[in-house]
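Novice: First, the structure itself, so that you have it in front of you.
Protein chains in written order, with full-length UniProt numbering: chain A, 1 to 161; chain B, 1 to 179.
Set out below in structure tokens:
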């Protein structure tokens, strides 16, 4: 099967039937596919949450949580490359592939990198919320310099923060 | 004591058993019979029937030639339309990713090899059958589940950017009709 041989409208229809995570992976396979087709899809709003020891991004129905702490209930699904980010992923709910978690030290940079990537490949997707909590109980934290720079560049692009 | 109404009650099933039938001829000259309710799922065929002025009386005497669809695909399409002819109309989809479950009967019907599925989609697109198009697209979309980008490239026959560029270059280098 040659996906790119389908008429434009049919291919758009196919992409609209895909899960967001598959769409993100598919968009990384070919520039033409990304520019002419996946960029026309709106998988739903983007939500980014930053906490002191975790960060999460939700796009459409798909959510990835970056956490410093492991969870006993998560099911390992191995290394996953999603856009510019490769993670050792865990699935949070059995029989569905829409909520992932990964345990990493720097939780904010990959989350923001992925958010930026999603906004680039899905220009129609709105950044619907950005929650940034710098205090957690009595614990405070500061962003790493690399994350600060990424955040600064991102805010210039989207003028949101 | 209740009074029974004297209005005759027509059972829905009775109506269903006496449908208006139309004949369709595929590109390879196979003849199919399809009911009016089923043929209405195809906007192209229904427009054709309306424009030709076919009625219950003359429908079977005037087969409709469909030159872009072969017998194999037409058989699948007729089966699908007959199966879904009494389905309720579905609401318009939003711009977002579509969430719907493909019924098992339809999944079985569409369990065909990729090339056949490709041809069926082109036929469905030509005949403008939205529901079958959605179901075919769901089957193709589901092939992406749990795959890596490299696996997706193989399943969907997606060239690399370098291959795309090479194709583009060779197309621009080749002489045009006058050259």
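Quick reminder that beta carbons are idealized off the backbone N, C-alpha and C, glycines included.
1) Which parts of the segment 38-119 of chain A are runs of the beta strand (DSSP E), unbroken and 3 residues or longer, counting only runs that do not cross its ends?
2) Closest to residue 44 of chain A by C-alpha separation, out of A:118, A:53 and A:153, would be which residue?
3) Excluding sequence positions up to five away, which residues of its chain have a Cβ less than 8 Å from the Cβ of residue 18 of chain A?
4) Could you tell me whether the Cβ atoms of residue 68 of chain A and residue 86 of chain A are closer together than 7 Å?
5) Output needed for residue 92 of chain A: all residues of its chain with C-beta closer than 6 Å, excluding positions within five of it in sequence on either side, in chain order.
6) According to DSSP, is residue 126 of chain B part of a helix, a strand, or is it coil?
7) Assess contact between the segment 97-116 of chain B and the segment 41-56 of chain B, defined as three or more Cβ pairs (one per stretch) separated by less than 8 Å. Is contact present?
8) Kindly indicate if chain B contains any beta-carbon less than 7 Å away from that of residue 32 of chain A.
9) Is residue 128 of chain A helix, strand or coil by DSSP?
10) Tell me the DSSP bridge mates of residue 22 of chain B?
11) Does any residue of chain B have a CB that is nearer than 7 Å to the CB of residue 14 of chain A?
12) Would you please verify whether the beta carbon of residue 141 of chain B is less than 7 Å from any beta carbon of chain A?
13) Do the CB positions of residue 119 of chain B and residue 73 of chain B come within less than 7 Å of each other?
14) Helix, strand or coil for residue 64 of chain B per DSSP?
15) Taking the continuous alpha helix (DSSP H) assigned at residue 82 of chain B, which residues delimit it?
16) Determine, for residue 85 of chain A, whether the minimum Cβ-Cβ distance to residues of chain B falls below 7 Å.
17) So residue 44 of chain B contacts chain A; which residues on that side make the cut at Cβ distance below 9 Å?
18) Please classify residue 135 of chain B as buried or exposed, where buried requires at least 16 other C-beta atoms within 10 Å of its C-beta.
19) Using a Cβ-Cβ cut-off of 7 Å, state whether residue 103 of chain A counts as contacting chain B.
20) Check each candidate in A:114, A:145, A:123 and A:94 and name the one with the smallest Cα separation from residue 76 of chain A.
21) Going by alpha carbons, who is nearest to residue 109 of chain B out of B:81, B:89, B:126 and B:122?
22) Using beta-carbon positions only, say whether residue 62 of chain B and residue 1 of chain A come within less than 7 Å of one another.
23) Three-state secondary structure (DSSP) at residue 100 of chain B?
24) Within a Cβ cutoff of 7 Å, which residues of the same chain sit near residue 46 of chain B, ignoring the five residues on either side of it in sequence?
25) With a CB to CB cut of under 8 Å and the five nearest residues on each side skipped, what residues in its chain are close to residue 189 of chain B?
26) So, is the C-beta of residue 80 of chain B closer than 7 Å to a C-beta in chain A?
Specialist: Reading it off the structure:
1) 46-50, 54-59, 62-67, 75-82, 85-91 and 99-103
2) A:118
3) 26
4) no
5) 74, 99 and 101
6) helix
7) no
8) yes
9) strand
10) B:34
11) yes
12) yes
13) yes
14) strand
15) 71-84
16) no
17) Those do not exist, as residue 44 of chain B stays about 14 Å from chain A at its closest Cβ, beyond 9 Å.
18) buried
19) no
20) A:94
21) B:81
22) no
23) coil
24) 39 and 40
25) With chain B represented from 1 up to 179, any question about residue 189 of chain B goes unanswered, as that position is not in the structure.
26) no
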